[in-house]
Amino acid sequence: MTFDGLVHPDDLDRATKAWGRVATGGGGTASEVEARLRRRDGEWRHVWVRLTNRADDPAVGGIVVNVTDVTDRHEFEKKLTHQSLHDALTGLPNRDFLRHRMERAAAAASDDEHSVLFLDCDDFKRVNDTFGHAAGDRYLVEVSGRVVASVRPEDTVARLGGDEFAILLESTGVEGAAIAAQRIVGALCPPIIIEGKAVHPSASIGLASGRLDAVHPETLLADADLAMYFAKRAGKGGYRVFADEMRTQLVDRLELGEDLRQAVESAALEVEYQPIVDLPTGRIVGAEALARWHHASRGWVGPDIFIPLAEELGLVERIDQCVLREACTVGRSWIDDGLHDLRMAVNLSGRDLDQPDLVAQIARVLHETTFPAGLLEIELTEGVAINKSGGGQDILDALKSLGVHLSIDDFGTGYSALSRLRSLPFDRLKVDKAFVDDIDRVHRGAMLVDTIIDMAHVLGLDVVAEGVETTSQLDYLKERGCQFAQGYLFGRPMAAAALTTLLKRQRLAVLAPVGHLAS
Ligand code: C2E
Ligand code: MG
Ligand code: MG
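Going by this note's numbering, the first residue of the sequence shown is number 520, and it counts up by one from there.
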């Protein structure tokens, strides 16, 4: 047999040289070489070979070749290397692998810009909680597959852990990376079917670009991470490009969060009440309690800023508890003042629904304030109300069993399936201000409002129009059979005492002709 039939072509040169060295080196020369040899059945085996020249040894008189088959060890090492650089669940490269790739890109002294996308799945915890960890794993594998399919083969998609992924796009500037980010967002849209239910995956993506000789790879990754945080805050399912201001904004937000924590702890938040009016009679029939925060140096900070912040910091549950307690106390004082049948509406956040003892807490507040459950109305925004899959319905039923009423807030801003809406125990639907605005502004804009009102009536829900500001909106809504409205036209949110005064005046005017209440 010749060497070239036995030794793998790629190893032939090395093997021949080692042999030559030992053969010509004379007695005592030795050499070692690793090579692949062909077995009789044709399979290649990794072997470790030691060659020793024993030509001088009369008992041997030749070259001794010791061959050890190291194929299994080889495979094992390969697997170990793979495992230490890859994620077991998805088979994707891991953080070490990504770092290695970024360092390689940094070392390749070129002027190219590189980009990193930092991707974090939205509401992954909910998938895990609702369907279990096996389903959560399948979700992650599906997401990783879609991400890989959305980028070029030479891009590195790594799983950083949990529901976080990073994608290195070498020699790609911010424009190209933005297109990739958009493609990923689109690819995630189709539902994944888990236990017969369609789950819509989505992710928030941060994008950072730079020349790696100027920016440290870890910094680029951290910038993309920060941009991802801003993408989340902007409403999820989208991407944001890193900008330097994000760092200062983050610090700013951390400070604001700290101040909010202190305000909550020292019970410094206030509550205002906005009247809700019955359109056929023009009378105030209830109010919505709205949280207010006066910041020592920034002045009034709106709930659209501090409520999401409180949700992020896990403070919203306490805020909503306080608002509820105070609102029920005010509601009780109206009854004591002989102002009967006035409903009090409070807002709950999606996070409240995750509290296992929410229903018991509300029951306790109702009991302690002796406010009748039948006059309390709980508002949940459409997204929270409808999209709470699984556990959501149980909690809504439990709330209903207390005797309180349930409203869908900001209706029209979510994407709810009508079939879901029909099966949930709601009493009222609040049409979002954006649709009410359209009555005056947009050609045929009022048609959407008509449709929502008709649909609500078919489903047996009362309708409240939010944010009514003009008499033409009022006239239109009345004509279309919308029963309730709320808005600056009737009254801005105000202190409890101010609303109580209005209500008392209204009671005195009961025998007088009723005009509308703007004052
Ligand atoms: P929302 O529940 O839809 O409350 C109605 C919002 O519309 C209030 O804004 C109110 O001041 C505003 N509004 C009412 N009429 C008009 C109008 O004619 N024109 C205009 N431009 N605006 C009008 P606000 O107080 O800024 O609250 C914003 C959102 O913050 C609320 O929307 C609610 O989702 C949330 N929020 C407020 N207080 C609480 C709270 O105690 N707990 C929770 N979880 N969320 C709250
Ligand atoms: Mg509301
Ligand atoms: Mg609303």
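Where is the CB? At the ideal position from N, CA and C, for every residue including glycine.
In this text, all values refer to a predicted model and were calculated from it rather than measured experimentally.
Range of the contiguous beta strand (DSSP E) that encloses residue i
i	result
GLY818	818-820
TYR758	758-760
VAL552	549-557
ASP928	924-930
ASP588	581-588
THR900	895-900
LYS949	947-950
LEU611	Segment: none, LEU611 is in no beta strand (DSSP E) and carries neither H nor E.
ALA717	716-718
TYR792	789-797
PHE890	Here PHE890 belongs to no beta strand (DSSP E), and DSSP marks it neither H nor E.
C-beta atoms of residue i and residue j nearer than 8 Å
i	j	result
ILE838	VAL783	yes
LEU980	PHE945	yes
LEU525	SER550	no
ALA677	LEU617	yes
GLU836	ASP871	yes
ILE972	VAL982	yes
ALA879	VAL865	no
GLN992	VAL961	no
LEU915	LEU943	yes
LEU769	LEU739	no
ASP573	VAL584	Strictly speaking, residue 573 in this sequence is Arg, with Asp absent from that position. Not a contact, by the Cβ cut-off of 8 Å.
ILE686	VAL666	yes
ALA786	CYS841	yes
TYR758	ALA700	yes
The alpha helix (DSSP H) enclosing residue i, as first and last residue numbers
i	result
ARG614	614-626
LEU861	Counting along the chain, LEU861 falls outside any alpha helix (DSSP H), and DSSP gives it neither H nor E.
VAL541	528-543
PRO736	736-752
VAL1048	Past the boundaries of the shown model lies residue 1048; the chain is included only from 520 to 1038, so the question cannot be answered.
Reference residue i, options the options, closest by Cα
i	options	result
GLY833	LEU611, THR970, GLY869, ALA879	GLY869
ALA673	ARG620, ASN647, TYR658	The identity of residue 673 in the sequence shown is Glu, whereas the question assumes Ala. Here the closest residue by C-alpha is ARG620.
VAL482	LYS997, THR990, SER816	Only positions 520 to 1038 of the chain appear in the structure, and residue 482 is not among them; the question remains open.
TYR1007	LEU1022, ASN647, THR990	THR990
GLN1025	GLY801, THR590, PRO577	GLY801
SER589	GLU661, GLY547, ARG564, PHE890	The sequence as given places Val at residue 589; Ser does not occur at that position. Residue ARG564 is the option with its Cα nearest to VAL589.
ASP591	GLY581, ASN585, TRP567, ASP575	TRP567
ASP631	ARG623, PHE637, LEU638	ARG623
ILE711	VAL541, VAL734, GLY664	GLY664
ARG859	GLY754, PHE522, VAL804, GLN874	One point to set straight first is that residue 859 is His, not Arg, in the sequence displayed. HIS859 has its Cα closest to that of VAL804, out of GLY754, PHE522, VAL804, GLN874.
ASP682	ALA700, VAL660, VAL693	VAL660
GLY725	LYS598, ALA717, VAL704	VAL704
SER629	ALA733, VAL670, ALA696	ALA733
ARG844	HIS814, TRP819, PRO822, PRO891	PRO891
ASP576	GLY776, GLY546, LEU556	GLY546
SER634	PRO875, GLY581, GLY692	GLY692
MET966	GLY986, ARG999, LEU779, TYR748	ARG999
GLY581	HIS601, SER603, ASN613, ALA542	ALA542
HIS593	ALA627, ARG555, PRO612, HIS605	ARG555
ARG752	ALA653, ALA815, LEU828	LEU828
ILE958	LEU978, TYR995, ARG533	TYR995
Report all residues for which the CB-ligand distance to some heavy atom of ligand 3 is below 5 Å; order them along the chain.
The answer, residue by residue, is ASP928, ASP929, GLU985.
Is it true that the region 805-818 meets the region 840-853, where meeting means three or more beta-carbon pairs spaced less than 8 Å apart?
Three or more beta-carbon pairs separated by less than 8 Å link the region 805-818 to the region 840-853, which places the two stretches in contact.
Assess, as a yes-or-no matter, whether the region 925-932 is touched by the region 943-960 under the definition of 3 or more beta carbon pairs within less than 8 Å.
Contact between the region 943-960 and the region 925-932 is present, because at least three Cβ pairs lie under 8 Å.
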